[in-house]
Amino acid sequence: MVDELLWLEMLLKGVAGGMLLAAPTMTAAILGWPRPGAAFWPRLLGALLLGIAIASALNAKAASPRGLALGGSVAINLAAAAFLLATAILKPSATRRGRLLTWLMAAGLFLLSLIEIALVA
Numbered sequence: 001m002v003d004e005l006l007w008l009e010m011l012l013k014g015v016a017g018g019m020l021l022a023a024p025t026m027t028a029a030i031l032g033w034p035r036p037g038a039a040f041w042p043r044l045l046g047a048l049l050l051g052i053a054i055a056s057a058l059n060a061k062a063a064s065p066r067g068l069a070l071g072g073s074v075a076i077n078l079a080a081a082a083f084l085l086a087t088a089i090l091k092p093s094a095t096r097r098g099r100l101l102t103w104l105m106a107a108g109l110f111l112l113s114l115i116e117i118a119l120v121a
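Set out below in structure tokens:
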């Protein structure tokens, strides 16, 4: 079960990172979020997400995983969920699609974190 969660982490973060790295303004438009003025910061986030995805994949393949593993993924997911939740409350998106996707992503990351915490403990 731990390996499957690490592969899920790799898939989710890899797709999100690839989309942000390749087309940050189009990704923001698809999600219904405000478009960034400069593409540097969304691309930097995309590169970081791809790095986290690679770390998750390496830990899933390792015989004795060390490093990021599920504990690190929990911390990353909770931080991202907290940011999305704060954004949804303090500065909601102008579009209904943007508000809905922000809430869904925050809830999904929080739920994934709870599942991972149950397996780590």
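Going by our numbering, the first residue of the sequence shown is number 1, and it counts up by one from there.
For each residue, glycine too, the CB sits at the ideal point set by N, CA and C.
Measure the C-alpha to C-alpha separation of residue i and residue j and round it to an integer number of angstroms.
i, j, result
"M10", "A16", "10 angstroms"
"L21", "A121", "34 angstroms"
"L58", "L6", "9 angstroms"
"M19", "A94", "22 angstroms"
"I89", "V2", "33 angstroms"
"L49", "G14", "6 angstroms"
"A69", "K61", "11 angstroms"
"A39", "S56", "26 angstroms"
Take residue i as the anchor and find which of the options has the nearest alpha-carbon.
i, options, result
"T102", "T25, A81, A47", "A81"
"L111", "A79, K91, R99, L20", "A79"
"L109", "L44, S56, S73", "S73"
"F83", "L8, L48, L50, A106", "A106"
"L85", "G71, L70, L104, R97", "L104"
"A118", "T87, K13, G71, L45", "G71"
"L114", "A75, L100, R97, G67", "A75"
For residue i, count neighbouring C-beta atoms within 10 Å of its own C-beta (all shown protein chains included) and say buried if the count is 16 or more, exposed if not.
i, result
"S64", "exposed"
"E116", "buried"
"A53", "buried"
"G46", "buried"
"P42", "buried"
Ends of the alpha helix (DSSP H) at residue i?
i, result
"G14", "2 to 22"
"T95", "Neither: T95 is in no alpha helix (DSSP H) and is coded neither H nor E."
"L50", "40 to 61"
"S73", "69 to 90"
Taking a contact to mean a Cβ-Cβ separation below 7 angstroms, would you say residue i touches residue j in this structure?
i, j, result
"P36", "P24", "yes"
"G164", "G32", "Examination of residue 164 is not possible in this model, given that the chain is present from 1 through 121 alone."
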